[in-house]
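Written below as structure tokens is the structure these notes are about.
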Amino acid sequence: MNTKITYLERYPENFMDFTHSASLKESARHLPGRSTLELAEQSEKFIKRTRENARHLHEAYLASRGLRCQVSLTVPFALNEPSPIGSLIAASASDLEDDFQFLITNGTRTREFHVIPVDLVRVRRTYADIREATLALRDNPDETTYLLPSTALPKEGFSIQVLKKKWLADLDDRGHLTLSAQELRTRVTIACSLVQGCHRFFGTPWLDHLDLSNLRGGKAKGATWAAMLGTGSGDTGTTRILKSFSTEKRRIGRDLTRHCQVFRLGLVLTELALGKPIKYIDDSDANKGVRVVVAGVDDNEAMVAIEVAEMVDQTTNNQILGDVVQYCFSILQPKRIEIEDFGAEYNAKVLMP
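Position one of the sequence shown corresponds to residue 1 (full-length UniProt numbering), numbered consecutively onward.
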């Protein structure tokens, strides 16, 4: 009852949908009238180009068998910003970077690399995979090699150099035990930074790896914090259910790749906000979509989006973060998966609420 009252207060226009989803199953979903973020044309082109570059780099990673690869998600930032009671920071063309930084383990050697998009039309020697491109720098760390993934045109190549200022290797693994010991303000700040950091990878295969176990982060110089994302399989249970769920929907013409990435973001934000792990996710109730079970909460009962959002809101005293979590988890509810293009809505509700 308390959950229903809370939902009615926060989302009156969706209350019937929440409480009587079965009877409204065939009804069209009318989203509440909310402002839509209209990115400048320059920003849209920039982000689209950056995401395409990220896809090419992931292809070059896949071509490098046995390579351990981690990509920087966030630029180091001061831990006292943003405030836990305030807007999330939206990424724009002016503050996004079009280059990439990687921590790569090749055999027994781990090094950091700076990868920059360049035109390789006039470059004769290029490599198709990251392993070979970085191995070429093993004995010549001051040189530059050139990467041309199999999916890219010559004008869509990359230059690779060894990073002069190393910082990725110093980032710590931030498992559940480490997270629970962090101050609430720090956890919320980290959550906000990840929303922005994931933005330029949205829709690319990199975010298929988004999982708390694949994240490394920590304080850099000057009391700043940064994060990078690994390419491990993450929580096997989560990966299995999301893969099964998306495969089933793909049979009826629905590609839920981006939907599942948004859902994964919600999992990470929830674990950061609560300092507790998501025990498992549950897709057994077709009317409620994919639900989550938080360890040690409500006798391990599966919770729908609004219930998790309420918990995040109460724990962090940050309704914005609670709303973001609610949106991320609702993306796999029955009526939400019918929406194919939700980019502008995602920008308005998650990136810049």
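All C-beta atoms in this analysis are idealised placements derived from N, C-alpha and C, irrespective of residue type, glycine included.
Taking one C-beta from the region 151-160 and one from the region 185-197 each time, how about it: are there three or more such pairs within less than 8 Å?
-> Contact between the region 151-160 and the region 185-197 is absent, because fewer than three Cβ pairs lie under 8 Å.
If you draw a straight line from the C-alpha of F245 to the C-alpha of T236, how long is it?
-> 14 Å
Span of the beta strand (DSSP E) around V118 | Per DSSP, the continuous beta strand (DSSP E) segment holding V118 begins and ends at R109 to V118.
Beta-bridge pairing of R291 - partner residues as DSSP gives them = D282
Buried versus exposed call for T349 [16 or more other C-beta atoms within 10 Å across all chains shown] = According to the sequence provided, residue 349 is Lys. The question's Thr does not apply to it. Counting Cβ neighbours within 10 Å, K349 comes out buried, since at least 16 surround it.
For V304, which residues of its own chain have a beta-carbon under 6 Å away from its beta-carbon, when the five flanking residues on both sides are left out?
-> K288 and R291
Beta-ladder partner(s) of Q70, from DSSP | Paired residues: L103 and G230.
Identify, in the order they occur along the chain, each residue of the same chain with its Cβ nearer than 6 Å to the Cβ of E81, setting aside the five sequence neighbours on each side.
-> Caution applies to E81, whose pLDDT of 45 falls short of 50 and renders its modelled position unreliable; the model cannot decide the point.
Assuming F46 and V115 form a contact by the criterion Cβ under 8 Å, report the distance between their Cβ atoms to the nearest whole angstrom.
-> About 17 Å separates the two Cβ atoms, so there is no contact after all.
Chain-order list of residues whose beta-carbon lies under 7 Å from that of G86 (same chain, five-residue window excluded) = Residue confidence for G86 is low, a pLDDT of 34 falling below 50, so the modelled location carries little weight; the figure read from the coordinates is stated next. The beta carbon of G86 is closer than 7 Å to none in its chain, skipping five residues each way along the sequence.
Buried versus exposed call for T247 [16 or more other C-beta atoms within 10 Å across all chains shown] = exposed
What is the DSSP secondary structure of R29, reduced to helix, strand or coil?
-> Summary for R29: the model assigns pLDDT 36, below 50, so the residue's position carries little reliability; its value from the coordinates is reported in the next sentence. Coil, per DSSP.
DSSP three-state call for T98: helix, strand or coil?
-> Residue identity differs from the one stated: residue 98 is Asp in this sequence, not Thr. Coil, per DSSP.
Beta-carbon gap between residue 370 and T145 smaller than 7 Å = It is not possible to answer for residue 370, since the shown part of the chain is limited to 1 through 353.
Going by the beta-carbon positions, is the gap between V71 and F113 smaller than 7 Å?
-> V71 places its beta carbon 7 Å or farther from that of F113.
Distance between R258 and A128 (C-alpha atoms, nearest Å) | 27 Å
Neighbour-count burial assignment, E338, 16 or more Cβ in a 10 Å radius | exposed
Where DSSP assigns a beta bridge to T145, which residues make up the other side?
-> I160
Between Y327, E307, P149 and Q333, which lies nearest to N347 when the distance is taken from Cα to Cα?
-> Y327
Residue span of the alpha helix (DSSP H) that contains T134, given as start and end | I130 to L135
Use the C-beta contact count for D208: other C-beta atoms within 10 angstroms, 16 or more gives buried, fewer gives exposed.
-> buried
What's the C-alpha gap between I160 and A295?
-> 42 Å
Within 7 Å, strictly: CB atoms of F329 and V297 = no
Residue range of the unbroken alpha helix (DSSP H) whose run includes S330 = Q319 to S330
Identify the residues that DSSP records as bridge partners of Y127: which are they?
-> Its beta-bridge partners are L147.
Mark Q333 as exposed unless 16 or more other C-beta atoms lie within 10 angstroms of its C-beta, in which case mark it buried.
-> buried
Own chain, CB closer than 8 Å to D99, minus 5 neighbours either side, in chain order = H114, V115, I116 and P117
Can you tell me which of the three DSSP states T204 falls into?
-> coil
Mind reading off the beta-carbon distance from A273 to L321? Whole number of angstroms is fine, and I expect it under 8 Å.
-> 6 Å
Given a cut-off of 7 Å, decide if L229 and residue 354 are closer than it, judged by their beta-carbon atoms.
-> Since the first residue shown for the chain is 1 and the last is 353, residue 354 is missing from the structure and cannot be characterised.
DSSP state of M352, grouped into three classes?
-> The three-state reading of DSSP puts M352 in coil, since its state is none of H, G, I, E or B.
Per DSSP, M303 forms a beta bridge with which residues?
-> V292
Compare the Cα-Cα distances from N106 to each of L120, L135 and R122 and report the closest residue.
-> Nearest of L120, L135 and R122 to N106, Cα basis: L135.
What is the residue span of the alpha helix (DSSP H) that E345 lies within?
-> G343 to Y346
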